[in-house]
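Novice: Before I ask anything, let me first share the structure, which is written out below as structure tokens.
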Amino acid sequence: MQQSMLLSAKKAFEEAGRQEQFPEYMNKKQASKYLNINDRTLNKFITQGLKITVLDGVQRLSKKECDRFMLENQK
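For what it's worth, our numbering labels the leading residue of the sequence shown as 83, then goes sequentially.
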């Protein structure tokens with residue numbers, strides 16, 4: 083049981099560290115790295131409903147939106 087708790091804590095710290103590496107609003111390249119996918123797959127996700135923010139022609143994806151999209155598409 084202690085081993086399991088230790089692994090859970092380690093995973094939580096690794097995830098927190100990974101999330102800190104990325105800004106709240108990411109460009110497409112950053113979002114691809116955040117999701118551990120290639121650019122082509124990111125564009126596919128966008129056509130499937132991953133929402134992007136566009137301001138004055140600049141596209142950004144929020145970490146929250148990326149997380150939401152992934153959770154909603156879990157099987």
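Beta carbons are placed, not taken as given, at the ideal position from N, Cα and C, and that holds for glycine. Bear in mind that the values here come from a model prediction, so they are computed numbers and not experimental data.
Note the first and the last residue of the continuous alpha helix (DSSP H) segment covering GLN156.
Specialist: Careful: GLN156 lies outside any alpha helix (DSSP H) and carries neither H nor E.
Novice: When the Cα atoms are used, what is the spatial distance from LEU143 to ASN125?
Specialist: 12 Å
Novice: Sort GLU102, GLN103, GLN84, MET108 by Cα distance to LEU137 and report the nearest one.
Specialist: Among GLU102, GLN103, GLN84, MET108, the Cα nearest to that of LEU137 is on MET108.
Novice: Curious, which full-length alpha helix (DSSP H) runs of at least 4 residues does the region 106-147 contain?
Specialist: Whole alpha helix (DSSP H) segments, 4+ residues: 110-117, 121-129.
Novice: If distances are taken between C-alpha atoms only, which option among ASN120, PHE151, LYS145 comes closest to GLN130?
Specialist: PHE151
Novice: Could you give the DSSP three-state label for GLN103: helix, strand or coil?
Specialist: coil
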